[in-house]
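>
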Ligand SMILES: [Zn+2]
Ligand SMILES: [Zn+2]
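In my numbering, the protein residues as written are -12 to 252.
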């Protein structure tokens, strides 16, 4: 049954340096929730998948004091696992203090016997290096069984080297992390980005809904198609029709249709 029961929980239970934090929780379909950090600078959106035997949180958000578990415990008692979409600081808040961290095999930066990952601050854009211990590795890019749910995890480098997206084919949903969302997109590696966008397009169609990791979370499917077109124009150095603004260090903001990207060219 499709339910668009909107649970609007704005919980200002926690004071921290930046003031009170609020969260908005919305059930986007049966057993999948979006949890928006509505007062954080980056406006991150996290996604919670409830399965028969565990709850999986896709992304950890941006506030190191963010107690997302308090919100989640109002929704489920299932054991909670965490899966970051990538390792930028605004997606891995407080990861060192978590147990049950899952990673996709494409996210193994360094392998060691103790299952410890070290994220250098140059990779996270954070203030310091971060270490954490993972508990499980998800393998392959076909559907992965998590409890009673089938989720496909797709490596999608380009915004960052260790990015992933999740596709829920049963509900025709794409959880795109920072690959595509409704704001300025950051391109780190153009060829890899194009490859990742094309991979998602091949596996889905216009009937799928896209949920990004920032701002208003639902993204029009057309935006993914327009993004592919824009990135290919840049690859071919076909800058006609594009609105280009120079910024510092050879970085440019390029606008086309509803898309705005930041890229070094
Ligand atoms: Zn990012
Ligand atoms: Zn982000």
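Glycine included, C-beta positions come from ideal geometry on N, C-alpha and C. Small disclaimer: the values here were computed from a predicted structure and weren't measured.
Are residue 50 and residue 72 closer than 9 angstroms when you measure CB to CB?
no
> Is there contact here, the segment 100 to 114 with the segment 174 to 186, by at least three beta-carbon pairs under 8 angstroms?
Contact between the segment 100 to 114 and the segment 174 to 186 is absent: fewer than 3 CB-CB pairs across the two stretches fall below 8 angstroms.
> Which residues neighbour ligand 1 when neighbourhood means a C-beta less than 7 angstroms away from any of its non-hydrogen atoms? List them by chain order.
73, 75, 77, 78, 146, 147, 165 and 173
> Starting from residue 230 and walking both ways along the beta strand (DSSP E), at which residues does that stretch end?
230 to 233
> Which parts of the segment 192 to 228 are runs of the beta strand (DSSP E), unbroken and 3 residues or longer, counting only runs that do not cross its ends?
196 to 199
> Quick one: any contact between the segment 81 to 95 and the segment 163 to 172, if contact means 3 or more CB pairs under 8 angstroms?
no
> Can you tell me which of 201, 66, 55 and 61 puts its alpha carbon nearest to the alpha carbon of residue 42?
Closest by alpha carbon: 66.
> Does the distance from the C-beta atom of residue 229 to that of residue 221 stay below 9 angstroms?
It is a contact, given that the beta carbons lie within the stated cut-off.
> Using DSSP bridges, identify the partner residues of residue 142.
151
> Under 8 angstroms from any heavy atom of ligand 2, does the C-beta of residue 31 make it?
yes
> When every heavy atom of ligand 2 is checked, does at least one fall within less than 8 angstroms of the C-beta of residue 201?
yes
> Taking the runs of the beta strand (DSSP E) that are 3 residues or longer, which of them lie wholly in the segment 45 to 112?
List check, beta strand (DSSP E) in window: 67 to 70, 89 to 91 and 103 to 106.
> Which value, in whole angstroms, describes the spacing of the CA atoms of residue 143 and residue 195?
18 angstroms
> Drop a sphere of 10 angstroms on the beta-carbon of residue 103, count the other beta-carbons inside from all chains shown, and report buried for 16 or more, exposed for fewer.
exposed
> According to DSSP, is residue 137 part of a helix, a strand, or is it coil?
Of the three classes helix, strand and coil, the one that applies to residue 137 here is strand, per DSSP.
> Using alpha carbons as the reference points, say which of 156, 189, 219 and 21 lies closest to residue 136.
156
> Expressed to the nearest angstrom, what Euclidean distance is found between the alpha-carbon atoms of residue 76 and residue 107?
Using only the alpha carbons, I get a separation of about 11 angstroms.
> Following the continuous beta strand (DSSP E) through residue 22, name the residue where it begins and the one where it ends.
19 to 24
> For residue 30, tell me which candidate among 100, 94, 189 and 199 has the shortest Cα-Cα distance.
199
> Determine the direct distance from the alpha carbon of residue 233 to that of residue 60, and round the result to whole angstroms.
46 angstroms
> I think residue 90 touches residue 121, with their Cβ atoms under 8 angstroms apart; what is that distance to the nearest whole Å?
5 angstroms
> Leaving out five residues on either side along the sequence, give the residues of the same chain with a beta carbon under 7 angstroms from the beta carbon of residue 39.
134 and 135
> In the DSSP assignment, what residue or residues form a beta bridge with residue 238?
251
> Give me the Cα-Cα distance between residue 92 and residue 99, rounded to the nearest whole angstrom.
In this structure, the straight-line span from the alpha carbon of residue 92 to that of residue 99 is close to 13 angstroms.
> Go ahead and pull the three-state DSSP assignment for residue 163.
strand
> Could you check whether residue 154 and residue 174 sit closer than 9 angstroms to each other, using their CB atoms as the reference points?
no
> Using CA coordinates, which residue listed in 35, 239 and 70 is at the minimum distance from residue 19?
35
> Using the C-alpha atoms, what's the distance from residue 160 back to residue 203?
16 angstroms
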